[in-house]
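Counting from 1 along the sequence shown, just add 46 to a position and that's the residue number in this note's numbering. So the structure is just underneath, and the comments pick up after that.
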Amino acid sequence: MPSVPYGWYAVLRSSELRPGRVVSLHYFGRALIAFRGADGRPAVRDAHCPHYGAHLGAGGKVVDGTVECPFHGWRFGADGRCVEAPFAVRTPKVSLGGFPVREHSGLVFVHAGPGEPSWEVPAIPETESRDFTTPIDDTCRARIHIQEMRENIVDESHFHFIHGQSEPPVQDLRTDGPFAEVRGRIRRRVFGWDIDNTFDAFMYGPGVMVVRAHGPVLSVTAVALTTPVDDRTSEMRMLYYVRKPSRLPFLAPALKLVFRAEALDEVREEVRIWDHKIHQPRPVLLPHEKGIKALRRWYAQFYPDGAPSRGPSEAGNVTELPGSPAGTPC
Numbered sequence: 047m048p049s050v051p052y053g054w055y056a057v058l059r060s061s062e063l064r065p066g067r068v069v070s071l072h073y074f075g076r077a078l079i080a081f082r083g084a085d086g087r088p089a090v091r092d093a094h095c096p097h098y099g100a101h102l103g104a105g106g107k108v109v110d111g112t113v114e115c116p117f118h119g120w121r122f123g124a125d126g127r128c129v130e131a132p133f134a135v136r137t138p139k140v141s142l143g144g145f146p147v148r149e150h151s152g153l154v155f156v157h158a159g160p161g162e163p164s165w166e167v168p169a170i171p172e173t174e175s176r177d178f179t180t181p182i183d184d185t186c187r188a189r190i191h192i193q194e195m196r197e198n199i200v201d202e203s204h205f206h207f208i209h210g211q212s213e214p215p216v217q218d219l220r221t222d223g224p225f226a227e228v229r230g231r232i233r234r235r236v237f238g239w240d241i242d243n244t245f246d247a248f249m250y251g252p253g254v255m256v257v258r259a260h261g262p263v264l265s266v267t268a269v270a271l272t273t274p275v276d277d278r279t280s281e282m283r284m285l286y287y288v289r290k291p292s293r294l295p296f297l298a299p300a301l302k303l304v305f306r307a308e309a310l311d312e313v314r315e316e317v318r319i320w321d322h323k324i325h326q327p328r329p330v331l332l333p334h335e336k337g338i339k340a341l342r343r344w345y346a347q348f349y350p351d352g353a354p355s356r357g358p359s360e361a362g363n364v365t366e367l368p369g370s371p372a373g374t375p376c
């Protein structure tokens, strides 16, 4: 499969990008930097200076809203364009490649794909609501394509073997262009309590999913951020927002501990499996296992020509060039 489906990806939490700081990143098989421009808005650009190849995240600094190369002092604005080159008669017309960027819900998103984005990730209200705790932040990487990380939510049978549900849940997948929603129910026993929660998973393109689980004991909003690191590795960052009990808000820390103890080990078990599985373009599915095929049909829109919806012999070789390449204006 092409390693980078087109769409929005969260590469940072807003709190991780302080003004005046250059942050090194590596996603989509590219060395990247993030910094805030003069207006405070984030920029995500390619990391290497076009002059002589220095990494701007290794000793580079923010000066007047531009990033300055540590090697020869060339400066680049938030739009990637070179704005100053010491000792040059004329400022060179070169740029750092980069991405369209949005910031909301405490996250910095970039758009990978050709042209300007045609849709946006909606705000996630729980991220700024006082009714929810500060998030449990859990990040892991696995040798798996991000599409298969997403297929996990519609893999009915794994809910029994990984998540302790007595039988595969009945799910309802609805799609609307780049958006999709899955509704289902989770029934299990936790520390002697019978948990019976409904859940709604809202998918915003290939890289962002918000899962809201509602129940009488515990309600959680999980923000699942899946991002390609390179052609072999994907990152999954989970931000879990636990709803504070309305009558007993002081119990929120205890609920976070219970959730952490139960949920994170299960995620680690999934990651161990992902690290060793292969992609099956034509899996042998049982009659009740309808979710994976349905999700694959929806997900195919994020690839050039819907490549993964065809068999491997039909898809051909597809090369991804997300964002603007280095050396061209963005």
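The C-beta atom is built at its ideal place from N, Cα and C for all residues, glycine as well.
Among the options, the one whose alpha carbon lies nearest that of residue i
i	options	result
residue 247	231, 253, 350 and 227	227
residue 389	314, 187 and 289	Only positions 47 to 376 of the chain appear in this structure, which leaves residue 389 out of reach.
residue 149	308, 59 and 350	59
residue 268	252, 245 and 279	245
residue 141	162, 264, 253 and 112	112
residue 219	262, 338, 330 and 329	338
Test item: CB-CB of residue i and residue j under 9 Å
i	j	result
residue 157	residue 316	no
residue 323	residue 202	no
residue 97	residue 138	yes
residue 56	residue 89	no
residue 274	residue 325	no
Alpha-carbon spacing of residue i relative to residue j, whole angstroms
i	j	result
residue 277	residue 297	43 Å
residue 126	residue 336	45 Å
residue 283	residue 272	6 Å
residue 237	residue 196	Interpretation of residue 237 is limited by its pLDDT of 45, a score under 50 that renders its predicted location unreliable; the figure taken from the coordinates is listed afterwards. When rounded, the distance between both Cα atoms is 28 Å.
residue 109	residue 86	13 Å
residue 160	residue 144	12 Å
residue 313	residue 189	15 Å
residue 255	residue 295	27 Å
residue 170	residue 308	24 Å
residue 305	residue 129	49 Å
residue 172	residue 259	13 Å
residue 332	residue 347	25 Å
residue 253	residue 224	11 Å
residue 165	residue 270	19 Å
Three-state secondary structure assigned by DSSP to residue i
i	result
residue 189	coil
residue 142	coil
residue 195	helix
residue 355	Confidence at residue 355 is low in this model, with a pLDDT of 46, below 50, so the placement of that residue is unreliable and no value is reported for it.
residue 244	strand
residue 153	strand
residue 300	helix
residue 263	coil
residue 200	helix
residue 274	strand
I'd like the ranges of any alpha helix (DSSP H) spanning at least 4 consecutive residues and lying wholly in the region 306-350.
337-345
If we require 4 or more residues per run, which alpha helix (DSSP H) segments fall completely within the region 62-138?
Whole alpha helix (DSSP H) segments, 4+ residues: zero.
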